[in-house]
Amino acid sequence: MAGYIGRSLKMKFRNRTNNYITFIQAPLLGLVIGFILRYTPQSPPYMYSANNNIGIYIFVSVIAFIFLGISNSIEEILDERKMILRETQMNLKISFYQLSKLITLSLFVVIQALLYYVLSAWVLEIKGLFSISILYLFLSGFTGVSLGLLCSAFIKEKKAIINLLPLVLIPQIIFGGAVIEFERMNRNLTIYHKHPIPEIVQTIPSRWLFEGMATAYAKNTAFHSSMANLEKKKLTQLRRFKEADISASEYNAMKGSWYHEKVKIADRWNPDEIMNSYLNASVSIMDGVVLSQGKNVFLSSFKIGGRSLVRTWNYNVIVLFLYFLLFNCITAVKLKYYFKE
Numbered sequence: 094m095a096g097y098i099g100r101s102l103k104m105k106f107r108n109r110t111n112n113y114i115t116f117i118q119a120p121l122l123g124l125v126i127g128f129i130l131r132y133t134p135q136s137p138p139y140m141y142s143a144n145n146n147i148g149i150y151i152f153v154s155v156i157a158f159i160f161l162g163i164s165n166s167i168e169e170i171l172d173e174r175k176m177i178l179r180e181t182q183m184n185l186k187i188s189f190y191q192l193s194k195l196i197t198l199s200l201f202v203v204i205q206a207l208l209y210y211v212l213s214a215w216v217l218e219i220k221g222l223f224s225i226s227i228l229y230l231f232l233s234g235f236t237g238v239s240l241g242l243l244c245s246a247f248i249k250e251k252k253a254i255i256n257l258l259p260l261v262l263i264p265q266i267i268f269g270g271a272v273i274e275f276e277r278m279n280r281n282l283t284i285y286h287k288h289p290i291p292e293i294v295q296t297i298p299s300r301w302l303f304e305g306m307a308t309a310y311a312k313n314t315a316f317h318s319s320m321a322n323l324e325k326k327k328l329t330q331l332r333r334f335k336e337a338d339i340s341a342s343e344y345n346a347m348k349g350s351w352y353h354e355k356v357k358i359a360d361r362w363n364p365d366e367i368m369n370s371y372l373n374a375s376v377s378i379m380d381g382v383v384l385s386q387g388k389n390v391f392l393s394s395f396k397i398g399g400r401s402l403v404r405t406w407n408y409n410v411i412v413l414f415l416y417f418l419l420f421n422c423i424t425a426v427k428l429k430y431y432f433k434e
């Protein structure tokens with residue numbers, strides 16, 4: 094397996110011109126997109142919290158990384174068909190080859206995600222969202238990689254790539270949730286007409302990527318996560334107090350330390366600086382719909398899963414992994430039977 098990965102990396106780095114373009118694309122896109130979307134309706138100075146383009150930034154970032162992932166991978170299998178055929182005749186496992194490609198291309202996506210986010214976040218003054226941003230940019234890129242390898246397993250000529258790319262990308266844009274409101278789409282798209290959202294939307298990865306990243310930007314900043322951890326600590330000590338594991342004086346002393354910790358969190362992660370008011374308001378409205386109607390809606394920060402509530406950014410990661418499994422299983426089956434013909 095290590096040999097496959099090493100060879101895959103060597104082959105990728107062999108094309109220096111392509112690598113230069115690959116690694117320049119991401120930071121350049123980060124600077125350009127960030128510069129274009131750096132807007133506030135107020136007079137200077139610029140404030141991230143008042144920038145009503147952050148939702149657009151998230152969606153454009155998702156689509157950009159799907160495209161980068163596809164462009165990195167769509168020629169991989171097509172260019173190596175003869176080599177794969179030779180190795181399958183030597184009884185070498187095709188699954189190792191496919192896994193090595195996924196690992197190698199994932200490394201490229203991680204580097205691109207870091208370069209893109211660091212520069213775009215610097216321009217837009219995004220703070221306290223590093224981990225979740227890198228995660229969702231990586232998932233977007235990996236979606237593109239999986240789709241690219243899938244396409245590469247089916248196409249036989251490079252000329253077909255140009256015709257295939259729009260068929261893959263345009264649905265991600267239209268059904269992603271930012272360009273057209275789902276409720277305003279053609280009602281003939283819906284199978285069960287009591288559903289306001291067409292069912293086809295749920296089959297599009299960009300819809301889950303955009304929702305997960307947007308809700309995280311609204312409700313999972315460093316301020317939110319720090320406050321949530323503090324709240325868990327308070328609930329744990331409250332339970333211990335009720336069970337008589339700690340005395341009243343010890344519990345009261347903890348209250349004072351919690352207050353000081355809360356002040357420190359607010360000083361370090363000022364909510365007025367790291368929370369975008371437009372995203373926060375939009376997601377809060379959707380949260381209210383979920384609580385009042387008891388059903389899942391697009392862009393709410395939590396999903397109803399049985400008797401419990403699951404945070405959307407975590408729920409959507411699980412959904413996306415199921416998509417990755419499906420895409421790569423189809424690719425594996427195609428490769429297996431193609432090279433047995």
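Everything in the sequence shown is counted per our numbering, starting at 94 for the first residue and increasing by one. Even glycine gets a Cβ: it sits at the ideal position worked out from N, Cα and C. From a predicted model like this one, the values you see are computed outputs, not experimental measurements.
According to DSSP, simplified to helix, strand and coil, what is residue i?
i    : result
L413 : helix
S401 : strand
A337 : coil
T424 : helix
G127 : helix
N165 : helix
N313 : coil
S370 : helix
E274 : coil
M140 : coil
V390 : coil
W362 : coil
G234 : helix
E250 : coil
T283 : coil
E292 : helix
Y352 : helix
G269 : coil
N220 : The sequence shown places Lys at residue 220, rather than the Asn named in the question. Here K220 sits in coil by DSSP.
Y435 : A query on residue 435 cannot be resolved here, the shown segment of the chain reaching from 94 to 434 and no further.
Give a yes or no on whether the C-beta atoms belonging to residue i and residue j are separated by under 7 Å.
i    : j    : result
S193 : L242 : no
N162 : G221 : The question names Asn, but residue 162 in the sequence shown is Gly. Not in contact: G162 and G221 (Cβ atoms no closer than 7 Å).
R131 : V211 : no
I126 : S239 : no
F231 : A206 : yes
Q191 : A374 : no
M427 : I187 : Residue 427 is actually Lys in this sequence, not Met. No. Outside cutoff.
Y229 : M140 : no
S233 : V155 : yes
W406 : T283 : no
N145 : Y416 : no
R333 : I339 : yes
P120 : L198 : no
V272 : K312 : no
N409 : I397 : no
On the criterion of 16 or more Cβ atoms from any shown chain inside 10 Å, does residue i qualify as buried, or is it exposed?
i    : result
S394 : buried
M291 : At residue 291 the sequence reads Pro, which differs from the Met that was named. It counts as buried.
S350 : exposed
V202 : buried
N281 : exposed
G387 : exposed
L419 : exposed
F158 : buried
F414 : exposed
M176 : exposed
N369 : buried
Are the C-beta atoms of residue i and some chain D residue less than 7 Å apart?
i    : result
Y416 : Absent from the structure is chain D; it holds one protein chain and no more.
Kindly indicate which residue of the options has the alpha-carbon position closest to the one of residue i.
i    : options                : result
V261 : T296, M320, N281       : T296
I255 : V155, E168, F158       : E168
W362 : R277, A315, K175       : A315
N322 : I358, L195, M306       : I358
E276 : E250, Q265, I293       : I293
I266 : L419, L302, T405, L228 : L302
E354 : M320, S370, K252       : M320
G269 : P137, G148, L331, V382 : G148
E366 : V153, F160, T283, A143 : A143
I170 : K251, T329, P264       : K251
S226 : I204, P259, Y310       : Y310
F391 : T115, I378, K175, K335 : I378
E274 : A341, V356, I284, E304 : E304
I423 : F247, S136, R300       : F247
L122 : I339, K327, Y150       : Y150
S299 : F128, V153, P137, K327 : V153
I204 : F128, P259, T115, I129 : T115
F128 : N111, I219, R174       : I219
According to DSSP, what are the bridge partners of residue i?
i    : result
K396 : V403
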